[in-house]
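Trainee: Numbering (our numbering), first residue to last: 9 to 205.
All residues carry an ideal CB built from backbone N, CA and C; glycine is no exception.
As structure tokens, then:
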């Protein structure tokens, strides 16, 4: 998605350790007009899929997932990273290693909100090593639901997550795929994606 790539080039910052900082518009302060365009693009890319629910993980994926869900007119479920008092009853759970935070989280979703009838699109802000998506896929599998695809705002194409998901036969659509980035020069290179706007 050229609009997102241009915004990353203009406002993104490359930090040491393969960190791409996009907090001014994507995952701290959020540009809702940009999210709206992203939601429309995900709707176009997955228009043929019978999606009835969006699944994401707290916290950075929630904003994008909500706007995407608006385009599909379906609810959003987000996996929580901690057990809380307001989750009653049984839960599906999985473990996720965060690339950014360098720690392992237990993620949970109430069994009330995932069922075998659900056709799910996973949405997240970043894809690096694929741990968050894999954890969400485990929740979907445990619920007996159907994974229709994975939509990612920014994929780090030089890390393993995207290729692993594609090798598994997962339908993966990333709006911007960063092929390379240099923390010395700040240069960001994107992979060409002919089927996207």
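With distances taken between CB atoms, is the gap from residue 251 to residue 76 smaller than 8 Å?
Mentor: The structure shown does not extend to residue 251, since the chain spans only 9 to 205, so no value can be given for it.
Trainee: Nearest by alpha-carbon distance to residue 115: which of 124, 100, 157 is it?
Mentor: Checking every option, the nearest Cα to that of residue 115 belongs to 100.
Trainee: Scan the stretch 134–196 and note each continuous alpha helix (DSSP H) run of 4 residues or more that stays entirely inside, going in chain order.
Mentor: Fully enclosed alpha helix (DSSP H) runs of 4 or longer: 139–151, 169–175.
Trainee: Go ahead and pull the three-state DSSP assignment for residue 111.
Mentor: Correct three-state label for residue 111: strand.
Trainee: Quick one: give me the first and last residue of the alpha helix (DSSP H) that residue 46 is part of.
Mentor: Residue 46 -> alpha helix (DSSP H) spans 40–53.
Trainee: Are the CB atoms of residue 117 and residue 153 within a distance shorter than 8 Å?
Mentor: It is not a contact, given that the beta carbons lie outside the stated cut-off.
Trainee: Is residue 185 near residue 199, with beta carbons less than 8 Å apart?
Mentor: Cβ distance < 8 Å, so residue 185 and residue 199 count as in contact.
Trainee: Leaving out five residues on either side along the sequence, give the residues of the same chain with a beta carbon under 8 Å from the beta carbon of residue 29.
Mentor: These residues qualify, in order along the chain: 20, 21, 22, 23.
Trainee: Out of 119, 84, 26, which one is the CA nearest neighbour of residue 135?
Mentor: Considering only alpha carbons, the answer is 26.
Trainee: Taking only the alpha-carbon atoms, compute the straight-line gap between residue 74 and residue 187 and give it to the nearest angstrom.
Mentor: C-alpha separation (whole angstroms): 27 Å.
Trainee: Can you look up residue 67 in the DSSP assignment and give me helix, strand or coil?
Mentor: Residue state, collapsed to three classes: coil.
Trainee: Can the beta-carbon of residue 16 be found closer than 8 Å to that of residue 158?
Mentor: Contact flag unset, no.
Trainee: Once the 5 residues before and after residue 60 are set aside, which same chain residues still bring their CB inside 7 Å of it?
Mentor: Closer than 7 Å at the Cβ level, and outside the excluded window around residue 60, lie 82, 126, 127.
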